[in-house]
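Q:
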Amino acid sequence: MNSKYLESILNIDLITHWYQPILNLNTREIIGYEALLRYSNGKFSPENIFNKAKTAGLLNELDLQSLIIASKQVSSDVGVLFINVFPSTLLKEDFLYVYDKCLVKGIPLAIELSENEPVKDWTTLKKIVKELKARQVKIAVDDLGIGYSSFQHWIELEPEFVKVDRYFTANLSTHMLKQKIIKSLVELFHGSTQLILEGIERPEDLKTAVEMGINYGQGFLLGKPKPWKNQCEDK
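Here UniProt numbering is used: the first residue of the sequence shown is 1, the next is one more, and so on.
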């Protein structure tokens, strides 16, 4: 890993995460947390951080450092730690080596793969996902419905979780077309894959989601992102 070069662009010691709870919508039990990248002195927004790393050709390096940092910040009672990783990062030759050598063991992990980045090598990605699952890592497809790829490829990864983009959550209680789409997703992924509805901010949308069979969700209505220490104090 080219961590020294990344350090010259961004102070790694200032990279941290805030954690947003993901809840079982039926029991309101927290099943895990999503790690959201932050810069602890507030100098850069998450978008700025990723843009600086991308411009320097260090996006995958930032991804790896973020993964390592998050695994060290949380405790084993996190439930499942959800964290975004670009598909291109998984395709790096040293990804599994870094995972095995650098991550804190005993933290239940779900890697969120975003549809926003086109996948250049599905065959290799499927092999890496298989290796991760052998290490008890769960796979989540993030931002379903707004990206580049077809359902076919993502289904072939056999993800444990599919996260539905917040676009479909907004005004769900009154938007008939969005309701039809959500219902079709519930039917499509019924079984071993769990749907997580993102961006839940209104009680009426939460109520509609539960009535349609969505079992898991996250959003400001359910819990705001906070540093791990603060989340622990709220338990």
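Glycine included, each C-beta is placed from N, C-alpha and C at the ideal position. Keep in mind that this is a model prediction, so the values were computed, not measured.
Tell me whether ASP94 is buried or exposed, calling it buried when 16 or more other Cβ atoms sit within 10 Å of its Cβ.
A: Indexing the sequence shown from 1 puts residue 94 at position 94. With fewer than 16 other Cβ atoms within 10 Å, it is exposed.
Q: Please list, in chain order, all residues of the same chain as GLN23 whose beta carbon is under 8 Å from its beta carbon, the five residues on each side excluded.
A: Reading the sequence shown from its first residue, position 23 is the one you call residue 23. A small fix is needed here, since residue 23 is Leu in this sequence, not Gln. Annotation for LEU23: GLU29, ILE30, ILE31, TYR216, GLY217, GLN218, LEU222 and GLY223 place their beta carbon closer than 8 Å to its own, counting only its chain and skipping 5 residues before and after.
Q: Under 8 Å between the Cβ atoms of ILE69 and ILE15?
A: Within the sequence shown, residue 69 is the residue found at index 69, counting from 1. Within the sequence shown, residue 15 is the residue found at index 15, counting from 1. For ILE69 and ILE15, yes; Cβs fall inside 8 Å.
Q: Check the DSSP bridge columns for SER114 and list the partner residues they point to.
A: Within the sequence shown, the letter at position 114 stands for residue 114. Paired residues: ASP142.
Q: Just to confirm my understanding: we take LEU185, look at its own chain, exclude 5 residues before and 5 after, and list those with CB closer than 7 Å. What are they?
A: Position 185 of the sequence shown, counted from the start, is the residue given in the question as residue 185. Answer for LEU185: VAL164 and LEU195, listed in chain order.
Q: Indicate the three-state DSSP secondary structure (helix, strand or coil) for GLU47 in the structure shown.
A: On the sequence shown, residue 47 is found 47 positions in, with the first residue counted as 1. Looking at GLU47 - three-state DSSP - the assignment turns out to be helix.
Q: Got a sec? Which residues, its chain only, sit under 8 Å from PRO203 by beta carbon, not counting five neighbours each side?
A: As a working note, residue 203 is residue 203 in the sequence shown. The answer, listed in chain order, is LEU221.
Q: Helix, strand or coil: which one does DSSP assign to PRO203?
A: By 1-based counting over the sequence shown, the position of residue 203 is 203. The three-state reading of DSSP puts PRO203 in helix, counting H, G and I together.
Q: State buried or exposed for GLU115, treating a residue as buried only when at least 16 other CB atoms are found within 10 Å of its CB.
A: One-based indexing of the sequence shown puts residue 115 at position 115. Buried, because 16 or more other Cβ atoms sit within 10 Å of the Cβ of GLU115.
Q: Return the chain-ordered ranges of every beta strand (DSSP E) run that is complete within the segment 38-98 and spans a minimum of 3 residues.
A: 80-85
Q: Answer yes if the segment 101-119 comes into contact with the segment 45-54, meaning at least three C-beta pairs across the two stretches below 8 Å, and no otherwise.
A: Fewer than three Cβ pairs drawn from the segment 45-54 and the segment 101-119 lie within less than 8 Å of each other, which leaves the two stretches out of contact.
Q: Pull up the CB-CB distance for THR173 and ASP142, whole angstroms please, since I reckon it's below 8 Å.
A: Start at 1 with the first residue of the sequence shown, and residue 173 comes out as number 173. Start at 1 with the first residue of the sequence shown, and residue 142 comes out as number 142. In the sequence as presented, Thr is not what sits at residue 173; that position holds Ser. With a Cβ gap of about 24 Å, SER173 and ASP142 do not count as contacting.
Q: Of the choices PRO225, ASN171, PHE161 and LYS180, whose alpha-carbon is the least far from that of LYS207?
A: For the purposes of this step, residue 207 is taken as residue 207 along the sequence shown, with counting starting at 1. LYS207 has its Cα closest to that of ASN171, out of PRO225, ASN171, PHE161 and LYS180.
Q: From the DSSP output, read off the bridge partner residues of GLU198.
A: In the sequence shown, the residue the question calls residue 198 occupies position 198. When beta bridges are read from the DSSP output, GLU198 appears opposite no residue.
Q: Could you please give me the residues that DSSP links to GLY217 through a beta bridge?
A: Sequence index remark: in the sequence shown, residue 217 carries index 217 (1-based). Answer by DSSP bridge pairing, in chain order: LEU23 and LEU197.
Q: Are the beta-carbon atoms belonging to HIS153 and VAL119 less than 8 Å from one another?
A: By 1-based counting over the sequence shown, the position of residue 153 is 153. By 1-based counting over the sequence shown, the position of residue 119 is 119. Their beta carbons are under 8 Å apart, which means HIS153 touches VAL119 by this criterion.
Q: Short of 7 Å in beta carbon distance, which residues of its chain neighbour VAL129, apart from the five on each side in sequence? Order them along the chain.
A: Taking the sequence shown and counting its residues from 1, the one referred to as residue 129 is at position 129. For VAL129, where only same-chain residues beyond five positions count, the Cβ hits under 7 Å are ILE139 and LEU157.
Q: Can you give the Cα-Cα distance for VAL98 and ILE12, rounded to whole angstroms?
A: The residue labelled residue 98 in the question sits at position 98 within the sequence shown. The residue labelled residue 12 in the question sits at position 12 within the sequence shown. Whole-angstrom Cα-Cα distance: 17 Å.
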